[in-house]
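Novice: I have a structure I would like to understand better, so I am pasting it below and will then ask my questions one at a time.
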Amino acid sequence: MSMLKPNTLVLTRYLYIKDEVEAALLVSLLEQDREQSLFWAYELYYSGFCEELFEFLWIIYFDFFASLNPSFEVYFLKKEKEWKQESNAIFVAIIIENLLIRPFNSDVYILRNSQYSKSDPVSDNLKKWIKNNDYSSLANFILHINNSESLEQIYDKTINEFESIYGDLQKEKRIKQFKSIVKRKQTLSKHILLSRVMSLFINNTPKGRNLYMHVEPCEIVLYETCDDPEIKPYRLLNKVCLFGTNDHAQLHLFSLARALVKNLTELYHNDWLFYASFSPIWLSRIQQHGGSCEYEATKVIFQNEDQEELFYNKYNYETDEQSMELKQKTIPEIGLEQPTDILCHFQNKYNKNGLTIIYKN
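Under UniProt numbering, the final residue of the sequence shown carries the number 361; numbering is consecutive throughout.
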């Protein structure tokens, strides 16, 4: 179910599990939980995953927000460009705040995560799929295109079919906008096409307003990395870990990197620094103190004892001595019980503004 498939476990600046922070960010946005949405976004940002965070927010946008908020795309592109020019963390809050006030549905997310047959559908069936509201076949076709037709040609054909039913849909404008966004987000091209096609099914549904929230710099100070020398390292996590990744009790809906680990608690107690080294902030700290990672041995090695001592004087969080309350925030236990159909559960909870998606098992 994960939008970013896990391949290894990574710990963030405050020793949360990275893909669980991503899941918590998504769920917090869907729950319209402002404080947690901002907290999780900045946990990723200040861990050093800046570019990756913006790409993740684009995935969330196309999965949940694009069909009901098409005009937000231009705004998002503009703010992302400004962030690249200024490297100002405030643009993260600007995007988050403006997603929180917008309607969403989970149509595209559900279709992207459905299981499909390995058949090779052809675009000749577009008319039938559209007429029958066969979203699954459309999604299967779009997500597994491997013929010579370009995505633009397929989008053109699709609009033609919709126009034959619903009348003029400003095809030239839609194609131009599609080409523009795909040029900027090529790795998401099929995702974008699926989002565009699904939006045609709800073309007459009221869209989100062109209202944009303003953010003051003082509003994001709370999320900056705490490096107060007056706070003992072993006390830091209790001060800065404001929320738990499973506070909304939805982590069981996702495929997570913890499944790759035999003993998560032991890893957190004894090997946390190695897994934190996959976060840019921690790798930089290690290297500044003459350290390096031995990946085969899954250890961090320092050039000399003096450098190692300096490092741990600053950053020894003593994870094995932390309270159970703190660990339930950073490495929470996740209930074993799952809905018999995870996507149906997700649809029932988060798709009040969407279509009734019938997907293939």
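For each residue, glycine too, the CB sits at the ideal point set by N, CA and C.
List the whole-angstrom C-beta distance separating phenylalanine 162 from leucine 169, where the pair is believed to meet the contact cut-off of C-beta under 8 Å.
Specialist: Correct: roughly 6 Å between the Cβ atoms.
Novice: With DSSP as the reference, label glutamate 294 as helix, strand or coil.
Specialist: strand
Novice: Helix or strand or just coil, what does DSSP make of lysine 183?
Specialist: helix
Novice: Closest to glutamine 328 by CA distance: which of Phe274, Tyr16, Leu138 is it?
Specialist: Tyr16
Novice: Classify lysine 314 as buried or exposed, calling it buried when 16 or more other Cβ atoms lie within 10 Å of its own Cβ.
Specialist: Flag for lysine 314 reads exposed.
Novice: How long is the line joining the alpha carbons of residue 415 and histidine 345, rounded to whole angstroms?
Specialist: Since the first and last residues shown for the chain are 1 and 361, residue 415 lies out of range.
Novice: Tell me the DSSP bridge mates of lysine 299?
Specialist: BP columns for lysine 299 point to Glu294.
Novice: Where does isoleucine 17 sit, in a helix, a strand or coil, going by DSSP?
Specialist: When secondary structure is reduced to three states using DSSP, isoleucine 17 falls in the strand class.
Novice: Inspect the CB distances between the region 269-282 and the region 26-37 and report whether three or more fall short of 8 Å.
Specialist: no
Novice: For the alpha helix (DSSP H) containing isoleucine 142, name the first residue and the last one.
Specialist: That run of the alpha helix (DSSP H) goes 135-143.
Novice: At what residues does the alpha helix (DSSP H) containing cysteine 241 begin and finish?
Specialist: Unbroken run through cysteine 241: none, as it is neither H nor E.
Novice: Residue range of the alpha helix (DSSP H) that asparagine 80 falls in?
Specialist: For clarity, residue 80 is glutamate in the given sequence; the question names asparagine instead. Residues 72-86.
Novice: Quick check on DSSP: helix, strand or coil for leucine 188?
Specialist: helix
Novice: Rounded to whole angstroms, what is the Cα-Cα separation between proline 206 and tryptophan 282?
Specialist: When rounded, the distance between both Cα atoms is 46 Å.
Novice: Report, in whole angstroms, the separation of the C-beta atoms of valine 261 and leucine 194, which I expect to be a contact under 8 Å.
Specialist: Actually they are not in contact, since the Cβ atoms of valine 261 and leucine 194 sit about 33 Å apart, beyond 8 Å.
Novice: Closer than 7 Å by C-beta to valine 240: which residues in its own chain qualify, once you throw out the five before and the five after it? Chain order, please.
Specialist: Within the same chain, Cβ atoms closer than 7 Å to the Cβ of valine 240 are found at Tyr14, Cys226, the five residues on either side in sequence being excluded.
Novice: Lysine 171 by DSSP, collapsed to three states: which one?
Specialist: helix
Novice: Are proline 233 and glutamate 308 closer than 9 Å when you measure CB to CB?
Specialist: Cβ distance not < 9 Å, so proline 233 and glutamate 308 don't count as in contact.
Novice: Along the chain, where does the alpha helix (DSSP H) containing serine 37 start, and where does it finish?
Specialist: 34-46
Novice: Pull the bridge partners of leucine 11 from the DSSP assignment, please.
Specialist: Ile17
Novice: If you follow the alpha helix (DSSP H) that threonine 330 is part of, which residue opens it and which one closes it?
Specialist: 324-330
Novice: To the nearest angstrom, report how far apart asparagine 160 and leucine 9 are at their CA atoms.
Specialist: 46 Å
Novice: Return the CA-CA distance between threonine 356 and phenylalanine 91, expressed in angstroms with no decimal places.
Specialist: 34 Å
Novice: Below 6 Å CB to CB, which residues in the same chain sit around leucine 30 once its five sequence neighbours on both sides are set aside?
Specialist: Tyr350.
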